[in-house]
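In the working numbering, the protein residues as written are 1446 to 2048.
Where is the CB? At the ideal position from N, CA and C, for every residue including glycine.
The model shown is predicted, which means the values in this text are computed figures rather than measured ones.
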Amino acid sequence: KANKKCEEARHEKETMVMKYVRGEKESLDLRKEKEILERRVRDANKEIEKHTNKIKQLSQEKGRLHQLYETKDGEATRLNREIEKLKEEINSHVIKVKWAQNKLKTEMDSHKETKERLKDATTKLTEAKEEADQIRKNCQEMIKTYQESEEIKSNELDAKLRVTKGELEKQIQEKSDHLEVHHAKIKELEDLKRTFKEGMDELRTLRTKVKCLEDERLRTEDELSKYKEIINRQKTEIQNLLDRVKTVDHLQDQHQRDEQEISALKEEVDGFNSLIADLQKDIEGSRKRESELLIFTEKLTSKNAQLQSENNSLQSQLDKLSYSERELQNQLECVQQTKGDLAAKLQKEEDQRKLEVETLQAQLASEQKELTALKTHVDELKDELATQKRKHAANLKDLTKQLQLARRKLDQLENGNYDKEGSSMGSRSSSSGSLNARSSNEDRSPENTGSSVAVDSFPEVDKSVLVERILRLQKAHARKNEKMEFMEDHIKQLVEEIRKKTKIIQSYILREEAGTLSSEASDFNKVHLSRRGGIMASLYTSHPADSGLTLELSLEINRKLQAVLEDTLLKNITLKENLQTLGTEIERLIKHKHELEQRIKQT
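Put into structure tokens, the structure is as follows:
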């Protein structure tokens, strides 16, 4: 029985040892797996840290690239605005050039050089466009090569990752072999030291540990799956960032192309500015030619009038003048276009100026009437002044006498001489009577007034009354003197204006040739009257045609004709000035119109 029990115990012991060995083996396997998982977790954490660092770097680069993109976008918008402004300026310059071409069709021969320059500019533009297209193609090829190089780099990185994974697996296998050897040595030591109970306890603990490790393994697997998802997301983000970097590079290339295009456009603008300067010079030359043509037309009109007057008087020389007239007509054909416009404008201006001349004549007649009235008024005022001066002289004499008598009386009153009071009163009354008689009868002498009114007895005259009257008379005298001076100055001004006008008329008459101011109708009328005979025929011919024409009548006719001539000369002078002002006003209006058109086109 004891042997059976021992054998059973041994058998149980062997089974327990086998179980213990199996448990130890399982525990070692679990420890190995745990260590492998921990290593994987550490490696994963390291990779996660690396990826987080890379993500931070990429986020920083992303922010930097975003800032660069914003700055480049701002620069691109600014450049687009500048390009739009340049385009608007170019359009305005092109419009100006077209306007100049339309205006200067008659002078196309002088603008051949400008046309050749324009052709060269268009060829340069086409060449610049072709160069820009070529640059774009080169940039696209560079972008394609850059993308291919990026793909090659990614393939190389994948190969490196595979190699590193193989090396890691080899290292893990070597470590597992070392651990197996170490485990065998530990087994041998524990077989000698530990007992059956400790093995059972260890088995229990190992079972609990196995459960915990399995739970940890599940958790680690979940965490690994999560980390894999995070890594995949990070890879997608990295890919997005790489795409953005590519877009930024593309924008930089586009920005460089835009800068090149802007430089080319600036060169084109400089070329257009030079063309515009040349065109402006041509326009100034054409304006000078127009002014010369206008002067030539004026000369031609004067010459035409002279020729018409000579044609009426010299019909015998018609054949000789016909040849010169044909030449003048050939010259007039060149100026006929401008002459038609100016003739219409002149007709309008002549109608307006006729109305103005009529109003001015009415004003001049009224002013002459006023001048004659003023002259008569001045003569009357001079007569009144002379009479007033006489009155004032007589009044002053009387007043001095009265003042002397008053002073004597005051002296007598102060000295107490009352005996002579009656005589002083009589003298005072006589002086006051003479003063009143002087104011009522201006033509009488002071002696007559004193003798006629000396009999009457008047009361005493106060000093203050006399002084006030003297002051009033002096003020009235000063006012009349001022009026006289003003009227004399006004008359002098009118006389000076009349002299100036007569000088202008005389100078204009001396300057102008005979017969330039007369029209064809007047010349025909003169010829008709000279053929009929009479006083007017003797005036228009060099010999007397009527016996009734006397010297006085001829002088009167000459005066009237001179007055008519002065009026017509004044009309012509005013018309000439008005035409000049009208020409300047038309130029100003044309400039204003062009400025308005340019502003409308710019807006």
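Return the CA-CA distance between residue i and residue j, expressed in angstroms with no decimal places.
{"i": "residue 1819", "j": "residue 1932", "result": "8 Å"}
{"i": "residue 1919", "j": "residue 1939", "result": "30 Å"}
{"i": "residue 2001", "j": "residue 1827", "result": "34 Å"}
{"i": "residue 1490", "j": "residue 1501", "result": "16 Å"}
{"i": "residue 1712", "j": "residue 1695", "result": "26 Å"}
{"i": "residue 1883", "j": "residue 1948", "result": "The predicted position of residue 1883 is uncertain, since its pLDDT is 41 and thus under 50; no value can be drawn from it."}
{"i": "residue 1456", "j": "residue 1464", "result": "12 Å"}
{"i": "residue 1687", "j": "residue 1520", "result": "23 Å"}
{"i": "residue 1817", "j": "residue 1825", "result": "12 Å"}
{"i": "residue 1915", "j": "residue 1922", "result": "10 Å"}
{"i": "residue 1723", "j": "residue 1729", "result": "10 Å"}
{"i": "residue 2036", "j": "residue 1514", "result": "47 Å"}
{"i": "residue 1565", "j": "residue 1505", "result": "51 Å"}
{"i": "residue 1524", "j": "residue 1518", "result": "10 Å"}
{"i": "residue 1474", "j": "residue 1510", "result": "51 Å"}
{"i": "residue 1516", "j": "residue 1526", "result": "15 Å"}
{"i": "residue 1512", "j": "residue 1487", "result": "37 Å"}
{"i": "residue 1459", "j": "residue 1470", "result": "16 Å"}
{"i": "residue 1928", "j": "residue 1815", "result": "16 Å"}
{"i": "residue 1483", "j": "residue 1496", "result": "19 Å"}
{"i": "residue 1873", "j": "residue 1844", "result": "The predicted model places residue 1873 with a pLDDT of 41, which falls under 50 and marks its position as unreliable; any figure quoted below should be read in that light. Their backbone Cα atoms lie some 11 Å apart in a straight line."}
{"i": "residue 2060", "j": "residue 1467", "result": "In the structure displayed, the chain extends from 1446 to 2048; residue 2060 sits before or after that span and is not available."}
{"i": "residue 1680", "j": "residue 1582", "result": "32 Å"}
{"i": "residue 1937", "j": "residue 2025", "result": "31 Å"}
{"i": "residue 1895", "j": "residue 1926", "result": "Caution applies to residue 1895, whose pLDDT of 40 falls short of 50 and renders its modelled position unreliable; the model cannot decide the point."}
{"i": "residue 1885", "j": "residue 1821", "result": "Here residue 1885 scores only 39 on pLDDT, less than 50, and its place in the model should not be relied on; the value that follows carries that caveat. If you take the alpha carbons of residue 1885 and residue 1821, they lie about 26 Å apart."}
{"i": "residue 1796", "j": "residue 2011", "result": "19 Å"}
{"i": "residue 2041", "j": "residue 2003", "result": "56 Å"}
{"i": "residue 2020", "j": "residue 2038", "result": "26 Å"}
{"i": "residue 2022", "j": "residue 1799", "result": "14 Å"}
{"i": "residue 1834", "j": "residue 1924", "result": "13 Å"}
{"i": "residue 1569", "j": "residue 1682", "result": "47 Å"}
{"i": "residue 1571", "j": "residue 1793", "result": "52 Å"}
{"i": "residue 1996", "j": "residue 1934", "result": "39 Å"}
{"i": "residue 1670", "j": "residue 1684", "result": "21 Å"}
{"i": "residue 1836", "j": "residue 1813", "result": "34 Å"}
{"i": "residue 1664", "j": "residue 1498", "result": "25 Å"}
{"i": "residue 1674", "j": "residue 1618", "result": "27 Å"}
{"i": "residue 1999", "j": "residue 2014", "result": "22 Å"}
{"i": "residue 1678", "j": "residue 1668", "result": "15 Å"}
{"i": "residue 1537", "j": "residue 1945", "result": "52 Å"}
{"i": "residue 1461", "j": "residue 1478", "result": "25 Å"}
So is the beta-carbon of residue i under 6 Å away from any non-hydrogen atom of the ligand GTP?
{"i": "residue 1474", "result": "The ligand content of the structure shown is nil, which means the ligand GTP is not present either."}
**Prompt:** Contact between the region 1840-1854 and the region 1908-1918: three or more CB pairs below 8 Å?
**Reply:** Yes, the region 1840-1854 is in contact with the region 1908-1918.
**Message:** Assess contact between the region 1519-1536 and the region 2015-2033, defined as three or more Cβ pairs (one per stretch) separated by less than 8 Å. Is contact present?
**Reply:** Taking a cut-off of 8 Å for Cβ pairs, the region 1519-1536 and the region 2015-2033 do not touch, as fewer than three such pairs fall below it.
**Asked** What are the uninterrupted segments assigned as beta strand (DSSP E) that are 3 or more residues long and contained completely in the region 1815-1851, given in chain order?
**Response** none
**Asked** Whole alpha helix (DSSP H) runs in the region 1989-2046 with 4 or more residues, listed along the chain?
**Response** none
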